[in-house]
Every structure is written in structure tokens, then in C-alpha cells.
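Have a look at the structure below, then the notes.
In UniProt numbering, the protein residues as written are 1 to 344.
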């Protein structure tokens, strides 16, 4: 397979929206032949809390390899991955604004959805190279990204996504109290995890030793150290500078996302409506290392999905642990969408 190409895109605050938005477009040279095909897919990916847009790259490699194979029914134009505004490169650009009362300790899945909607709304007349209203959009979200891509479907004016693929979405159809204990554990972990190292090499060594991160695919570790870690703010002082590195998503911003009181329940009505009007696919990990089994069961039984796939020996962080197998599961969902539907 040819090397995957990428193009970074940054939109400054505009149209009353106060935050920077950073995204990347990914494609294969072979996909350029699909540029004038209105049915060709534009995949739109949203990441989980504490991660960043580049975490999707190994999964994209797997999807693209399958889609470009001979006889594939899946026709892709390109994929887009967008940072949550308090994560990744966006978080660094928005650091000052995020300290203002409107946003400080007050970010949420709904704010991520608003950011996505603003990004999609920036048309060619405002300097954008893509008019997403003319694309065949498929939304794909992991954890936080799963509930965000669902919330997006209710923001007016609505963008016409033809399908959704939700990966371990942090939903709780029976009420947010079922995730209260998980929320407490995640907030505690956000504040107690190490977030400063002398350099990227030390950060990598620490991640390889940590129980949760040592299970990640080696490519994900490399990507995280490159994009999820950045220069420490202390390096900017002319005197007494600290030349270390820290997490791109700060402890406070990570914890703020976990405290979101409505994210687990608010999207349920929209999800049910979407499942009755277009294919919505659900992909879960078989190991209940984050989300309780009873919550998984409630998610699966909440509404009629087009398909439900369980990756048995993966946990909640499927994107980080088994990106190749996740890519295959996403591709299979796209292939199912591409098959003619029965008229019966």
C-alpha cells in the first residue's frame, strides 16, 4: 500500500467561536480518483478523553489498506480527525482561553460537539477547502468521541451523516449514576498520573512501564509521545527555564471531561432516532476494564443497531490496544453499508 498522506488544518477563532480548531486530513493517492464521486466516503473521526487526533493513524492505515484492496466495495475519498479544543495541538493553542471562567473546569462532550459543528460549518467562502455539506459523511467516535459524534446529529443546522460507528461510547441508557464510580476513578487517575518528564525519552520509558499504557500498540506509544506530549510551559522563561515535557491534555482539562454530568445520557434520544433512520454500528471491547458489563448490556439493548461487534480480548481503549483489528471492524461496518439493502 502507498504511504498515507496527511494535511494539517488549523482554523483560528472566527464567527463568534472563541477557540482554535486543529484537524488533519488523511488519504491515499489512490483515493484521489474518487474526488468527483458523490458516493465516496468522507470519514470523520473523534477521539477519546486525554488523547488527540493522531491516535487514529494506525487504525486508518488498516482501514485504508482494506479499502484499497482489489474488489473492495468500500470507496473512500478521505478521512478527517479533529482535536477536542482542550486536547492535543488545539489544547496548546487554546491554553489561555481555557483558563477563562466560561471554559475553566467546564468543558464537556457537548462543547466538543459544538466545536465539530463549527469546524464543519466553515465553508469555502470562509477559506475552507472542503464543503462538508456536499460530502457523504460517516462519523466514527471512540468513548468521548462516540457520544460527541452522536450529540452532533442534534445541532442545527444538521449535517447529513449517512452512518455512525460508535466505539466503546461512554453512554449509560439507564442513567448516569451507573457510571458514577467510573467517573470517580477516572478523575482520581487524571490528578494522580504522572504528567512531567525530563524529555520524551523518559516519557516513553515511563509509559512502557505503566500497567495501563504498556498494553498499547507500539505505534500508538510512539504517536502519543510525539503528539500527546509537548514542551513544558516552564521552558518559556528566560531565567530558570525548565526544559522538560508534559501532557498536551492537562490534568484539569482531562478531569473536567470526566465530570461531565450529562454526556452519558443526553445523546440517547438522538441515538435512538439515528438508529431508526440510518445504519449505526456499535463496537465494544470484551474486557470490562472501564465500563461495567451492565452498562455495556444496556447500551447494546437500548436501540436497534445495524451491527454490534465485540473485540473479545480488548478493553475500553480499543483504538490504542488493537488498532489493526479495530480497523478491520470499522471496515466491515463500512462494507456492510455498501451492500445493497433488501427491499423486503
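Note that beta-carbon positions come from the ideal geometry of N, C-alpha and C, so glycine has one too.
Considering only C-alpha positions, which residue in the set the options is nearest to residue i?
i	options	result
residue 315	69, 115, 325	325
residue 220	317, 63, 20, 1	317
residue 265	68, 110, 121	110
residue 331	188, 67, 34	67
residue 159	313, 113, 243	113
residue 176	312, 272, 262, 40	262
residue 310	284, 91, 322	284
residue 40	174, 32, 46	32
residue 26	167, 6, 16	6
residue 2	20, 18, 30	30
residue 223	88, 99, 72	88
residue 334	168, 289, 279, 300	279
residue 198	208, 98, 134, 246	246
residue 271	121, 101, 229, 306	306
residue 144	294, 256, 322	256
residue 233	95, 194, 127	95
residue 215	320, 173, 294	320
residue 425	129, 258, 189, 104	Outside the shown range of the chain, which is 1 to 344, sits residue 425, and nothing can be said about it.
residue 82	91, 76, 23	23
residue 302	102, 77, 276	276
residue 60	252, 35, 295, 28	28
residue 156	79, 179, 172, 120	120
residue 154	340, 329, 19, 269	269
residue 338	20, 8, 136	136
Identify the continuous alpha helix (DSSP H) that holds residue i and give its terminal residues.
i	result
residue 328	323 to 338
residue 51	Looking at the DSSP string, residue 51 is not in any alpha helix (DSSP H), and its letter there is neither H nor E.
residue 114	109 to 121
Which of the three DSSP states is assigned to residue i in this structure?
i	result
residue 267	coil
residue 345	Residue coverage of the chain in this structure runs from 1 to 344, which leaves residue 345 outside it and unanswerable.
residue 27	strand
residue 80	strand
residue 343	Confidence is the limiting factor: at residue 343 the pLDDT is only 46, short of 50, which leaves the residue's position unreliable and the question unanswerable from this model.
residue 216	coil
residue 96	coil
residue 184	helix
residue 70	coil
residue 192	helix
residue 153	coil
residue 36	coil
residue 64	helix
residue 125	helix
residue 316	coil
residue 173	coil
residue 1	coil
residue 207	helix
residue 101	coil
residue 85	coil
Which residues mark the beginning and the end of the beta strand (DSSP E) in which residue i is found?
i	result
residue 142	136 to 142
residue 231	229 to 231
So is the beta-carbon of residue i under 8 angstroms away from any non-hydrogen atom of the ligand GTP?
i	result
residue 40	Among the components of this structure there are no ligands whatsoever, and the ligand GTP is therefore not found.
I'd like to confirm the pairing. Which residues does DSSP put opposite residue i in its beta bridges?
i	result
residue 17	14
residue 197	245
residue 42	78, 137
residue 308	282
residue 166	141, 282
residue 225	Its beta-bridge partners do not exist; DSSP assigns none.
residue 6	26
residue 161	137
Query - Any alpha helix (DSSP H) of 4 or more consecutive residues that is wholly inside the stretch 233 to 305 - result: Runs found: 251 to 259, 268 to 275, 293 to 301.
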